[in-house]
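Be aware that the sequence shown starts at 6, since it is given in our numbering, and climbs by one per residue.
Shown next, in structure tokens, is the structure this report addresses.
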Amino acid sequence: NLYYHFKGKDQIIGELFQQYELALSSTLAAPIEKPLSADVAQVEDNWYYLYVVMEEMYQYRFLYHNLDDILQRYPDLRRSFRRLIQLKRAALFAICQTLLEQEIIDARDQQLLGLVDNMTLTLTFWFNYDQLLYEAREPEITIHQGVLQLLTQVAPYLGDKELSFYRDCESIYTNMLQQAE
6 NLYYHFKGKD QIIGELFQQY ELALSSTLAA PIEKPLSADV AQVEDNWYYL
56 YVVMEEMYQY RFLYHNLDDI LQRYPDLRRS FRRLIQLKRA ALFAICQTLL
106 EQEIIDARDQ QLLGLVDNMT LTLTFWFNYD QLLYEAREPE ITIHQGVLQL
156 LTQVAPYLGD KELSFYRDCE SIYTNMLQQA E
């Protein structure tokens with residue numbers, strides 16, 4: 006019983022968010038501090054990383070389900086949420102910038118910024134979207150489709166060689182759906 010350890014709901018929400026922020030911040034910092042893969046042949050490392058990020062977010066998805074309500078009730082969290090979104094954006098920018106430098110993607114500056122913003126939106130609100138559309142699905146399917154959605158946004162900028170990895174991810178997702186039926 007959480008109320009035994011905390012004086013009220015405010016403290017519980019604050020503590021849960023603090024745990025979430027700590028866990029996600031350290032994960033999001035990884036590609037900012039150092040490219041996930043210096044080896045062009047290991048481009049998949051970026052997408053495995055996104056899977057890990059989404060797994061962490063999934064554990065705290067309830068924070069996003071009523072985000073406006075939570076931020077109105079607990080205004081102190083607004084700054085922290087904004088910081089997390091900025092950190093997500095910085096991590097995704099670092100990944101895309103590395104892919105651009107490795108000539109894995111081909112995008113102009115404005116395209117890259119738009120891509121990063123769209124990926125940040127998807128990463129931030131994927132679980133709300135998925136819950137509204139499908140109500141209850143297996144976490145693995147929800148997470149894999151979220152990562153695939155992020156890859157889909159990058160796909161127009163990939164070369165032929167890298168598109169094969171994208172198609173492999175599509176096949177894995179299709180197989181997951183078939184097995185779930």
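Note that beta-carbon positions come from the ideal geometry of N, C-alpha and C, so glycine has one too.
Note that the coordinates shown come from a computational prediction; the quantities given were computed from them, not determined experimentally.
If you draw a straight line from the Cα of Tyr69 to the Cα of Arg113, it comes to about 32 angstroms. Taking 9 angstroms as the cut-off, the beta carbon of Gly164 is found no closer than this to the beta carbon of Leu128.
With contacts defined by Cβ atoms closer than 9 angstroms, Glu26 and Leu72 do not form a contacting pair. Less than 9 angstroms separates the beta-carbon of Ala35 from that of Ala96. Rounded to whole angstroms, Leu33 and Leu120 show a C-alpha spacing of 18 angstroms. Under the criterion of beta carbons closer than 8 angstroms, Met124 and Gln158 qualify as touching, at roughly 6 angstroms. DSSP places Ile110 within a strand segment (E or B) once states are collapsed to three. Short of 8 angstroms from the beta carbon of Gln116, and not among the five residues preceding or following it, lie these beta carbons of its own chain, in chain order: Tyr162.
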